[in-house]
């Protein structure tokens, strides 16, 4: 496989990424667009054909929107329609999927007055909302637990004196 990169001459930002197999078949052909301050606004994969499933059309485009403070407020793209598992925490054994069965998704991000991520919502094949608990003493935050019982004080306790997370959830892969 060969991957080539091209950059915008004025900004030196990545503009295209091409990944080609040794038999010359294209794996990826990504084009990146940016706003004037350098935030990525669109990623287009021209190797992805428009697909129709459940009265929706999806393409290889991913679109990112920012607020006036240049904080990411939404990300839109496509995901497999069988992506109905709970996010991250309780991932079941992955099942085979049909790559033609894609649906659009939108992930929205909300921030507090200090610019800290306070929550995010995913609207798609598996919709969910996650809330962050933000420390009153710093900008550190933790994902709210399922019971909604974490407090800002618990957030501070979740980090050691060097502000590194004191506990990281184990993730196991069984291939």
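Residue numbers (the working numbering): 1 to 175.
Note that CB positions come from ideal geometry on N, CA and C, so glycine has one too.
Here the structure is a predicted model, which means the values were calculated and not measured.
By the neighbour-count criterion, in which 16 or more other beta carbons inside 10 Å mark a residue as buried, residue 37 falls on the exposed side. Secondary structure of residue 152 (DSSP, three-state): helix.
With the rule of 3 Cβ pairs closer than 8 angstroms, the segment 72-79 counts as touching the segment 55-62.
Check the Cα spacing between residue 131 and each of 125, 143, 122, 139: the tightest is with 143. Using a Cβ distance threshold of 9 angstroms, residue 70 and residue 39 count as a contacting pair.
For residue 140 against residue 156, the beta-carbon gap comes to about 7 angstroms, under 8 angstroms, which counts as contact.
Contact annotation, residue 17 with residue 28: C-beta distance approximately 6 angstroms; criterion of less than 8 angstroms satisfied. A distance of 9 angstroms or more separates the beta carbons of residue 67 and residue 45.
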